[in-house]
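So the structure is just underneath, and the comments pick up after that.
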Amino acid sequence: MRVLVTACSLSIVICGVGRAAEPGADELITRGLELRRQEKPAQALEMFQRAHALGPSPRTLGQMGLVETSLEHWLDAETHLAASLAVPDDAWVRKNRTFLDQALKVSRSRIGELVITGPAGTDVAVDGRHVGTLPAVQPVKLVQGNAVVTANGAGFNDFSKTVAVQGGAKTSLAIVLDPVEKRPAVALSTPVPLPASSAPPPSVTEHRGRTWKTVTGTGVVAAGAGLLAWGIIWIAVDHNDDCPMSGAACNKVYDTKTAGWILTAGGAAAAAVGTGLLIWGHRSESPNVAVGATTNL
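Here the working numbering is used: the first residue of the sequence shown is 2, the next is one more, and so on.
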C-alpha cells in the first residue's frame with residue numbers, strides 16, 4: 002500500500018513539473034517577438050501559431066498577420082489581420098491599429114478576386130484546387146499573377162485557360178464549353194467480287210486501231226472509185242471525133258486510152274484495198290460485241 006501511494010505521488014510531481022516547463026501563450030509571443038528582432042520571421046511565425054493554439058486572441062491573430070506580411074504570405078496575412086481588426090475594442094488592437102491597417106492594406110494590394118461564370122453544372126478548379134460547381138462558385142481570392150482555370154461538364158470538352166490576376170482588382174472569366182463532336186458510325190459492307198467471266202473493256206489502242214482501219218478503208222475506197230471513174234472517162238474519149246482540130250495534133254490530144262486503163266486499174270485496186278480494210282475493221286469489232294452481250298446477261 003505504501004508503495005502505491007509513493008508511486009502516485011511521484012506521478013503527480015512529474016505532471017506538475019511538465020506543466021510548469023511548458024511555456025504559456027504570453028511566453029511564446031515574447032519568444033516570437035525576439036525572433037522577429039533577430040530577423041527570423043519563419044521561426045517567429047511558429048511561436049505565434051503555437052501561442053494562438055494555446056490561447057486564441059486578437060493579439061495572436063495580429064502577430065501572425067504581421068509576420069506573414071513580411072514573409073509575403075499574402076492570403077494568410079489578409080485573413081489573420083482582418084480577423085484581428087474585427088475586434089476593434091481589444092486593447093492590443095487599439096494600440097497597434099495603425100500597423101495592422103497598413104499591413105492589411107499592403108496584403109490586399111497583392112490579392113485579386115477571380116469571378117467565374119459559365120453553364121450551370123460545370124465543375125471548376127483553379128490551380129488544381131476544386132472551387133465549386135457553377136453557378137454556386139464564389140469569387141476566388143488569389144495572389145496576383147497567372148492562374149490556371151480548368152472546367153468540365155457532361156457532354157462537353159474539357160476547358161482550360163490561363164488568367165492574369167491583378168492585385169487589388171476583380172478579374173472576370175466566362176467559361177464557354179464546346180460540345181463533344183459525335184461522328185456518325187460508318188457502315189462497312191462486304192466487298193462484292195466481280196464476275197469471273199467479266200472481260201475488261203477494250204483498250205484505247207484497240208479502239209484507235211479499229212477507227213484507223215475504218216477511216217482509211219473508207220478513204221481508199223472513195224479514192225479508188227474516183228480513179229476508176231476518171232479512167233473510164235478517158236477510155237471513152239479516146240480518138241473522139243469532136244476534136245476541134247484536125248490532123249496529128251487532135252489524135253495526140255485525145256490519145257487517152259492507155260492512161261484511162263492505168264487509172265481504171267489503179268482505181269479498182271484502191272477500191273479493193275479499201276474494201277479489205279473495212280471488212281478487217283468490222284471483223285475485229287465483232288468479238289467485242291459478243292463479249293459485251295454475254296456480260297449483260
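Think of the CB as a built atom: it goes at the ideal place given N, C-alpha and C, for glycine as much as any other residue.
Check	Outcome
Leu105: first and last residue of the uninterrupted beta strand (DSSP E) it sits in	Run containing Leu105: none in the beta strand (DSSP E); it sits in the alpha helix (DSSP H), Arg98 to Ser110.
Sequence-distant residues of the same chain with beta carbon closer than 7 Å to Met65, five excluded per side	Leu46, Phe49, Gln50, His53 and His81
Sequence-distant residues of its chain with Cβ nearer than 6 Å to Ala148 (five each side left out)	Val127, Asp128, Val164 and Val166
Beta-carbon gap between Ala155 and Thr123 smaller than 7 Å	no
Rounded straight-line distance, which links the Cα of Ala83 to that of Asn97	13 Å
Cβ neighbours of Pro89 in the same chain (closer than 8 Å, five flanking residues each side left out)	Arg95 and Arg98
Limits of the alpha helix (DSSP H) - the one that Leu46 falls within	Pro42 to Leu55
Within-7 Å CB hit, Val181 to chain C	Given the protein chain composition of this structure (a single chain), no chain C is represented.
Collapsed DSSP secondary structure at Asp77 in the structure displayed	helix
Beta carbon of Val132 nearer than 7 Å to that of Val138	yes
Assigned exposure category for Ser110 - 16 Cβ within 10 Å defines buried	exposed
Residue range of the beta strand (DSSP E) that includes Ala26	Unbroken run through Ala26 is the alpha helix (DSSP H), Ala26 to Arg38; no beta strand (DSSP E).
Buried or exposed (CB count within 10 angstroms, at least 16 for buried), Thr70	buried
Paired residues, beta bridge with Arg130 - DSSP	Val127
Neighbourhood of Val76 by C-beta, 7 Å cutoff - its chain only, sequence neighbours within 5 removed	Note on identity: in this sequence residue 76 is Leu, with Val being the wrong assignment. So the qualifying residues of the chain are Ile112, Lys142 and Val144.
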